[in-house]
Amino acid sequence: MEEMKNSTKKVSIEIKKTNHCLRRYAESLVNKAAPEDLTGMQGRIIGCIYDKSNIEGKDIYQRDIEEIFAIRRSTATVMLQTLEKKGYIIKTSVKHDARLKKITLTEKAVAMQEELEPVFAAFEGTAVKGIPAEEVETLIKVLEKIRTNIKTAEREEKA
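Each residue of the sequence shown is one higher than the one before, counting from 136 in our numbering.
Next comes the structure, spelled out in structure tokens:
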């Protein structure tokens, strides 16, 4: 049991350190390549909207951003309001539910995303450089299980 506690403690610390490292590197890349008024997180949100709407052909809403980035509604609201004020997105009501706001990228955001796409691809490549594809897949599965465990624990705590 003691080994499990130490192992769990180490896993959470390693995830935190890795997240910090990834975030710092992503911010530095975005700061070099993107407009000065854009943060790394805002760039990732634009990239996500671009992928979902322009590549996959799907409509995207605030709740999708909340789920994809595992952020609270209030955080997503502030991020999206900021992107809208800066002219990167437009939010429009949908016919079937006036409460829902479809998020669409402006031409400014699409052009910027197309310029940044190679930067983000290089970022992903750097992150997994020298790691076999099977190990990357295993890592993704393990991280998904950890998130599921934490979400389950949070739900049980609230109940």
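Note that beta-carbon positions come from the ideal geometry of N, C-alpha and C, so glycine has one too.
Query: Could you tell me the boundaries of the alpha helix (DSSP H) in which Ser76 lies?; Result: Nothing about residue 76 can be read from this structure; the chain reaches only from 136 to 294.
Query: For the beta strand (DSSP E) that Ile238 lies in, which residues bound it at each end?; Result: Asp232 to Leu240
Query: Using CA atoms only, rank isn't needed, just tell me which of Leu240, Ala268 and Thr153 is closest to Asp194.; Result: Leu240
Query: Report the option in Ala288, Ile148, Val277 and Ile180 whose CA atom is closest to the CA atom of Glu202.; Result: Ile180
Query: When you compare the CB positions of Gln248 and Gly175, do they come within less than 8 angstroms of one another, or not?; Result: no
Query: Out of curiosity, what's the CA-to-CA distance linking Ser209 and Ile266?; Result: 36 angstroms
Query: Starting from Lys264, follow the alpha helix (DSSP H) in both directions and report where the run begins and ends.; Result: Unbroken run through Lys264: none, as it is neither H nor E.
Query: Can you tell me the Cα-Cα spacing of Val165 and Ile148, whole angstroms?; Result: 26 angstroms
Query: Alpha carbon to alpha carbon, what distance is there between Gln177 and Leu218?; Result: 7 angstroms
Query: Alpha carbons only, please: which of Lys220, Ala262, Glu250 and Val229 is nearest the one belonging to Arg159?; Result: Ala262
Query: Using a threshold of 8 angstroms, state whether the C-beta atoms of Ile238 and Tyr196 are closer than that.; Result: yes
Query: My understanding is that Val254 touches Ala168, with C-beta atoms under 8 angstroms, so please give their C-beta distance in whole angstroms.; Result: 5 angstroms
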